[in-house]
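Down below is the structure, laid out as structure tokens.
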Amino acid sequence: MSSVDSQQRVLSGMRPTGKLHLGHYHGVLKNWVKLQHEYECFFFVADWHALTTQYDDPSGIEQSVWDMVIDWLAAGVNPGSSTLFIQSQVPEHAELHLLLSMITPLGWLERIPTYKDQQEKLREKDLATYGFLGYPLLQTADILMYRAGKVPVGADQVSHVEITREIARRFNHIYGREPGFEEQAEAAVVKMGKKNAKLYRNLRKRYQEEGDAEALETARALLKEQQNISLGDRERLYGYIEGGGKVILPEPQPLLTPESKMPGLDGQKMSKSYHNYIGLREEPDSVVQKIRTMQTDPQRVRRTDAGDPEKCPVWGMHQVYSDEQTCDWVQSGCRTAGIGCLDCKKPLMDAIIEEQRPLHERAREYENNPDLVHSILQEGREQARDAARDTLEEVRAAMGLGYW
């Protein structure tokens, strides 16, 4: 049995869409940089996922992968603190996807909210493919492959983690009931010693009869501390307390990330598809030009007209970049026409350019040393494959495929 502590492992990935923008930086990458110092993190390039909608023109994927990885490294994602890899270079993902497809009801995939939403948004593409229907299952395989207990997602992606939980639960229910499971679980309880065995049984009773979530967490903590039971026994007892079988694939929990407050140049969500973004490594002259030409409160036709910051996209950016004193200056100056729109934009230009300076410097280091980037990804691939092989070995055995 693997010795993975799933609650200390995080898995997250991004589809390769090319160079990233400030919305990605504030919404995802800054969070990754924080998480890599708190958990064992696996961050991957989801290039197979890109094929679910770009299967007819994959020509840009390779360059997009390269640009995105450079941006990750420039943003401070550290290969010494996390594992970085490309999905398609870990073929175990495909095998687990196939094996999980054997037990996944078709209706579970068809009901995913984003399935129909994406079909509506991408009407010009033929998405009546198995790959597109099955991409939530591929995401499930991505997560369960590493037994990640936590998956950082926004509120709109929780449904993808939920189907992963359901599939893990179904897998454990079907394959975790090994012959003599209850007898083996009871024997494992005895090995804990009289005091701990009594505590475990009480906690199990409280959880199963009263649904006491605190009892479940206490029991899990108790099992984690036990030195005199095997890893296999520990996994049996995790499943036994919940009334199921041995936990082969732990159910992940969504780790809700703070919603990015980084607006686009027009006040909408920053997005390449809206053409309203500032690149993560945008050149300073281009940053100045984009900020200078941002639309502002339409009521401010003349310099002497008072405005309302709440109706101006520039104010949304101030809320991300400016300190309290500057925000007060913007509020007062705009409402009294004490400052003009270009005056208001100047601190933003300076703040964004200053934020991007170290990103440009780090990116240049990696761009000038492509062999280093390749070695980072190669090392990450090997680390990922080691973890993936451990999981697949147990999955194959549980499904009766561990012949030799």
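Residue numbering for the sequence shown is 2 to 405, as defined by the numbering used here. Beta carbons: idealized from backbone N, C-alpha and C, even for Gly.
Helix, strand or coil: how does DSSP classify Thr219 here?
As a first step, residue 219 must be located in the sequence shown, where it is residue number 218. Of the three classes helix, strand and coil, the one that applies to Thr219 here is helix, per DSSP.
Restricting to Cα atoms, I'd like to know which of Gln254, Gly246, His174 is closest to Gln9.
Locating residue 9 in the sequence shown gives position 8, where the first residue counts as 1. For Gln9, the nearest C-alpha among the options comes from Gln254.
Could you check the C-alpha separation between Arg397 and Leu223 for me, to the nearest Å?
By 1-based counting over the sequence shown, the position of residue 397 is 396. By 1-based counting over the sequence shown, the position of residue 223 is 222. Distance between the alpha carbons of Arg397 and Leu223 is about 29 Å.
Do you know how far the Cα of Cys345 is from the Cα of Leu74?
One-based indexing of the sequence shown puts residue 74 at position 73. One-based indexing of the sequence shown puts residue 345 at position 344. One C-alpha to the other measures close to 32 Å.
Residues in its own chain within less than 7 Å of Ala399 by CB, not counting five upstream and five downstream?
One-based indexing of the sequence shown puts residue 399 at position 398. Tyr176, Ile249, listed in sequence order.
Does the distance from the C-beta atom of Gln269 to that of Tyr278 stay below 8 Å?
The sequence position of residue 269 within the sequence shown is 268, counting from 1. The sequence position of residue 278 within the sequence shown is 277, counting from 1. Not closer than 8 Å, so no.
Per-residue burial, Asp143 [other beta carbons within 10 Å of its own, 16 or more giving buried]
By 1-based counting over the sequence shown, the position of residue 143 is 142. By the neighbour-count rule (16 or more Cβ atoms within 10 Å), Asp143 is buried.
Helix, strand or coil for Pro251, going by three-state DSSP, please let me know.
The residue given as residue 251 occupies position 250 in the sequence shown. Coil.
Within this structure, are the beta carbons of Pro137 and His161 separated by less than 8 Å?
Counting from 1 along the sequence shown, the entry for residue 137 is found at position 136. Counting from 1 along the sequence shown, the entry for residue 161 is found at position 160. Cβ distance < 8 Å, so Pro137 and His161 count as in contact.
Can you give the Cα-Cα distance for Arg170 and Arg363, rounded to whole angstroms?
Here residue 170 is taken as the residue at index 169 of the sequence shown, counted from 1. Here residue 363 is taken as the residue at index 362 of the sequence shown, counted from 1. Approximately 43 Å, taken between the alpha carbons.
Pick from Leu343, Ala76, Met193: whose alpha carbon is nearest that of Glu366?
The residue labelled residue 366 in the question sits at position 365 within the sequence shown. The shortest C-alpha separation from Glu366 is found at Ala76.
What number of angstroms, rounded off, separates the C-alpha of Met2 from the C-alpha of Gly233?
Counting from one through the sequence shown, the residue named residue 2 turns up at place 1. Counting from one through the sequence shown, the residue named residue 233 turns up at place 232. Any reading at Met2 must be qualified, since the residue scores a pLDDT of 43, below 50, and its modelled position is unreliable; the value itself is stated next. Their backbone Cα atoms lie some 5 Å apart in a straight line.
Measure the Cβ-Cβ separation of Gly314 and Pro348 and say whether it is below 8 Å.
In the sequence shown, residue 314 corresponds to position 313, counting from 1. In the sequence shown, residue 348 corresponds to position 347, counting from 1. The sequence as given places Pro at residue 314; Gly does not occur at that position. The answer is no: Cβ separation not under 8 Å.
Between the CA atoms of Cys335 and Glu17 - distance to the nearest angstrom
Translated into positions along the sequence shown, residue 17 becomes position 16. Translated into positions along the sequence shown, residue 335 becomes position 334. It should be pointed out that residue 17 corresponds to Pro in this sequence rather than to Glu. Roughly 40 Å between the two C-alpha positions.
Cα-Cα separation between Tyr147 and Ala129, rounded to whole angstroms
Along the sequence shown, read from residue 1 onward, the residue named residue 147 stands at position 146. Along the sequence shown, read from residue 1 onward, the residue named residue 129 stands at position 128. C-alpha separation (whole angstroms): 30 Å.
Length of the line joining the Cα atoms of Met318 and Lys273:
Taking the first residue of the sequence shown as 1, we reach residue 318 at position 317. Taking the first residue of the sequence shown as 1, we reach residue 273 at position 272. So the alpha carbons of these two residues sit roughly 17 Å apart.
Taking Gly334 as part of the alpha helix (DSSP H), name the residues at either end of that continuous run.
Residue numbering aside, residue 334 sits at position 333 when the sequence shown is read from its first letter. Start and end: 325 to 336.
I'd like the list of long-range same chain contacts for Ile62, defined as Cβ closer than 8 Å, with 5 residues on each side in sequence excluded.
Along the sequence shown, one-based indexing puts residue 62 at 61. For Ile62, where only same-chain residues beyond five positions count, the Cβ hits under 8 Å are Pro17, Asp48, Ala51, Leu52, Gln55.
I need the boundaries of the alpha helix (DSSP H) containing Ile104, first residue and last residue.
Looking up residue 104 in the sequence shown gives position 103. Ile104 -> no alpha helix (DSSP H), and no H or E assigned at all.
Identity of the residue in His25, Met193, Phe45, Leu200 nearest Gly155 by Cα:
Taking the sequence shown and counting its residues from 1, one reaches residue 155 at position 154. Here the closest residue by C-alpha is His25.
Could you give the C-beta distance for Val288 and Met350, rounded to a whole number, given that I count them as a contact under 8 Å?
Numbered from its first residue, the sequence shown carries residue 288 at position 287. Numbered from its first residue, the sequence shown carries residue 350 at position 349. Yes, Val288 and Met350 are in contact; Cβ-Cβ is about 6 Å, under 8 Å.
Using beta-carbon positions only, say whether His27 and Ser261 come within less than 8 Å of one another.
Sequence index remark: in the sequence shown, residue 27 carries index 26 (1-based). Sequence index remark: in the sequence shown, residue 261 carries index 260 (1-based). Closer than 8 Å, so yes.
Mind checking whether Asp329 and Gln296 have CB atoms under 8 Å apart?
Taking the sequence shown and counting its residues from 1, the one referred to as residue 329 is at position 328. Taking the sequence shown and counting its residues from 1, the one referred to as residue 296 is at position 295. Contact: no.
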